[in-house]
DNA sequence: AGGCACAGTCGAAACGTTTCGCCGCCCTTA
DNA sequence: TAAGGGCGGCGAAACGTTTCGACTGTGCCT
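Chains as they are written, first to last, in my numbering: chain A, 46 to 408; chain B, 46 to 408.
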């Protein structure tokens, strides 16, 4: 029955408030106490657009402290139209999105950069495809100044709407949507790094476990693989390209499929680390040794990639840097600065122990 | 020079807007178009507190769609005092907070639950001790309805202020702050689970790598260890308790310290998985085999714990469930329901391969 | 002495909502 | 036919800010 009120301002609170909730003090209270106008208080508190005599200013500041004044950012937002908050939209990859090591890295990068730039982050939680329109609504509802989409699927039109509405909007990862600022990684370079390394070790029979093919990254990595195989006249086999959905279980199943194939590769390139970890598990279960029997490579250099056994040879994407660049881009956009539409980051090869010289061809 | 405006509403935009930015349509525009009052539109759109004839309602809804109306949540927030947003305050553990596997688990739990409850998440980024007052200000600035503190350090008084201001506020992890709703785990039970298991395997010389001792979890786990050793009259040694700061490097250094001690334990309990992973690395480097020479246990069952080699014997905390309970608690608090101050979750033992029967005492 | 610039201040509008009090109308019911 | 009660709708206040236009002195220049 008793109603506890946590916020001043609802009509209801006007009716019986007062003891339950010590009404948050507003700029008006300060004004009243000091017998000055609201505007003067605002100027004093912000070093506002107008000058205030030092005497009044000091009194205002002291009164603010006395009364425990905390500015209400919602009100401020309404009039300025700015919120000092950046929205982050994770990819829609079903349950437990935040457990994805890739997202973890990216989010961490964005988080750190946002902190340095004094921006808070608004994390969008309702990502199901069915909620696409809701995402859009949320983006436009005034609580954020700009948005960062992490690895959006191609059907996510939130990016487009945001752009259209002139909400600063940046994506991380390689959906090269027309005109949308993108922080991407040179997938082809990354794959070539791995593939060249494998070839140099002596591999020729190389397979690929692909990611979710509705994502640009997956497509590009697969394409790079195919081109490399073609360009270098490596043996190829239809059964050597398997889809693994970017998650460990997918990698596990894909590897099992690969290993049941009559003709086996000596190395497998995976489109991300998660799948590589699953693939290693599959090998181990079926009695194949990694890397002695089969070399396996990942992509991303997530935090988990060197905890795997054996530690993964993988491609480091500078994801943290990309996150930080994304934040910088949003802020630049907000200040109406020019931002390059496409920033491409260079990957590097990290050789660890999941790869080695191939066995003598038993065939 | 040209000023691009991303948001209607600033005074400035009134001056020259119009083509740069197609002003977002508001409830007023709908009202004008239909020649009805603003209030009627509001009622129609919300199924508001008052009835509206079906005819008018349909016309309003259609007009809203036509004009591409998106409700401005900031304005709504201001009058209702609610934001459908929950704040999340990560622990202050220096750089790369989000890379902590524990936080990842907890955040994921909160994230999933928030999504189901139609709440967005506001992630606080400015956590440095020096910003404590800023955290408080942010919490009170009206953008969130409640806050979830994840493993707050004991000096974080944000929790207290939030509580005092009647902002629904829940903590995950075991800082048992007077009167603050807490989702905690029975640390003692967890440690006993591990220790009993080790003893049953035959271990008696058991060491402990403790976490950050400004955190309740670390204290309780250490205390549980000490008590267990005392109660069971196990041999003890001052050098067998080392501090590892809850991160892998700390665990690594702690283990090196432990191994340089004249009298070696046969098992080491670590206060979390991260430290256990570091400890294993230290062992490997110094030529000790895990578990043959030394058994090592973790705590938390993070996603990384079974990628380690050997896979960690650890204590599973139902962190995801705790996250979801925390969200539920915030929402309950918002509806003025009673919420138990202290909910204790039961941990379970997960035995994997980082533990085994101790070597014959060489001593 | 008149005019001007400027500092310092105030009042009020505006941002986009929600919701209260009020009013007129039509339909009952006595 | 008068009283009463919904129903459907309107106008306005309120939420807490920011900032514009206007006003009043004061000091300086001509």
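Cβ coordinates follow ideal geometry from the N, Cα and C atoms, glycine included. Quantities reported herein were computed from a predicted structural model and do not represent experimental measurements.
Residue interval of the alpha helix (DSSP H) (run including residue i)
| i | result |
| --- | --- |
| residue 328 of chain B | 318-330 |
| residue 141 of chain B | Element bounds for residue 141 of chain B: n/a, residue is neither H nor E. |
| residue 217 of chain A | No alpha helix (DSSP H) holds residue 217 of chain A; the beta strand (DSSP E) holding it covers 214-217. |
| residue 371 of chain B | 364-379 |
| residue 182 of chain B | 177-184 |
| residue 264 of chain A | 261-276 |
| residue 122 of chain A | 118-125 |
| residue 76 of chain B | 72-79 |
| residue 36 of chain B | Given a span of 46 to 408 for chain B in the structure shown, any question on residue 36 of chain B remains unanswerable. |
Own chain partners of residue i with C-beta closer than 6 angstroms, once the 5 adjacent residues on each side are dropped
| i | result |
| --- | --- |
| residue 387 of chain B | 227 |
| residue 274 of chain A | 281 |
| residue 284 of chain A | 306 |
| residue 171 of chain A | 179 |
| residue 250 of chain A | 280, 310 and 311 |
| residue 259 of chain B | 198 and 199 |
Cβ neighbours of residue i in the same chain (closer than 7 angstroms, five flanking residues each side left out)
| i | result |
| --- | --- |
| residue 75 of chain A | 86, 105, 108, 109, 112 and 114 |
| residue 361 of chain A | 346, 392, 393 and 395 |
| residue 73 of chain B | 83 |
| residue 184 of chain B | 132, 192, 203, 207 and 212 |
| residue 374 of chain B | 215, 226 and 384 |
| residue 138 of chain B | 145 |
| residue 376 of chain B | 162 |
Segment limits, beta strand (DSSP E) that includes residue i
| i | result |
| --- | --- |
| residue 361 of chain B | 359-361 |
| residue 288 of chain B | 286-288 |
| residue 193 of chain B | 191-195 |
| residue 132 of chain B | 130-134 |
| residue 389 of chain B | 387-390 |
| residue 86 of chain A | Not the beta strand (DSSP E): residue 86 of chain A falls in the alpha helix (DSSP H), residues 83-91. |
| residue 34 of chain A | This structure leaves residue 34 of chain A out entirely; chain A is present only between 46 and 408. |
| residue 313 of chain B | 312-315 |
| residue 402 of chain A | Element bounds for residue 402 of chain A: n/a, residue is neither H nor E. |
With 16 other Cβ atoms within 10 Å as the buried cut-off, status of residue i
| i | result |
| --- | --- |
| residue 190 of chain B | buried |
| residue 118 of chain B | buried |
| residue 369 of chain B | buried |
| residue 278 of chain B | exposed |
| residue 173 of chain B | exposed |
| residue 288 of chain B | buried |
| residue 98 of chain B | exposed |
| residue 359 of chain B | buried |
| residue 96 of chain B | exposed |
| residue 80 of chain B | exposed |
| residue 385 of chain B | exposed |
| residue 331 of chain A | exposed |
| residue 408 of chain B | In this predicted model, residue 408 of chain B has a pLDDT of only 43, less than 50, meaning its place in the structure is not dependable; the value taken from the coordinates is given anyway. It counts as exposed. |
| residue 323 of chain A | buried |
| residue 276 of chain A | exposed |
| residue 381 of chain B | exposed |
| residue 154 of chain A | buried |
| residue 103 of chain A | exposed |
| residue 94 of chain B | exposed |
| residue 157 of chain A | buried |
Own chain partners of residue i with C-beta closer than 8 angstroms, once the 5 adjacent residues on each side are dropped
| i | result |
| --- | --- |
| residue 335 of chain B | 325, 328, 329, 341, 355 and 399 |
| residue 159 of chain A | 131, 165, 166 and 372 |
| residue 389 of chain B | 229, 230 and 231 |
| residue 187 of chain B | 122, 123, 126 and 128 |
| residue 339 of chain A | 309, 310, 311, 312, 313, 328 and 333 |
| residue 316 of chain B | 253, 254, 255, 256, 262, 263, 266, 267, 289, 291 and 344 |
| residue 352 of chain B | none |
Three-pair Cβ contact test at 8 angstroms for the segment 282-299 of chain B versus the segment 228-236 of chain B: no
Residues in the segment 147-180 of chain B having any Cβ partner in chain A nearer than 8 angstroms: 149, 150, 152, 153, 156, 157, 159, 160, 163, 164, 165, 166, 167, 168, 169, 170, 171 and 172
Meets three-Cβ-pair contact criterion under 8 angstroms: the segment 210-219 of chain A and the segment 183-196 of chain A: yes
Selection of the segment 299-314 of chain A by Cβ proximity to chain B, strictly under 9 angstroms: none
Contact between the segment 203-216 of chain B and the segment 135-147 of chain A (3+ Cβ pairs under 8 angstroms): no
Stretch-stretch touch, CB-based, cutoff 8 angstroms, three pairs: the segment 259-275 of chain B with the segment 299-311 of chain B: no
Under 9 angstroms (Cβ pairs) to chain A, residues found in the segment 114-125 of chain B: 115, 116, 117, 118, 119, 120, 121, 122, 123, 124 and 125
Where the segment 272-283 of chain B meets chain A: residues whose CB sits under 9 angstroms from a CB there: none
Members of the segment 344-361 of chain B near chain A, C-beta cut-off 7 angstroms: 348, 349, 352, 353 and 354
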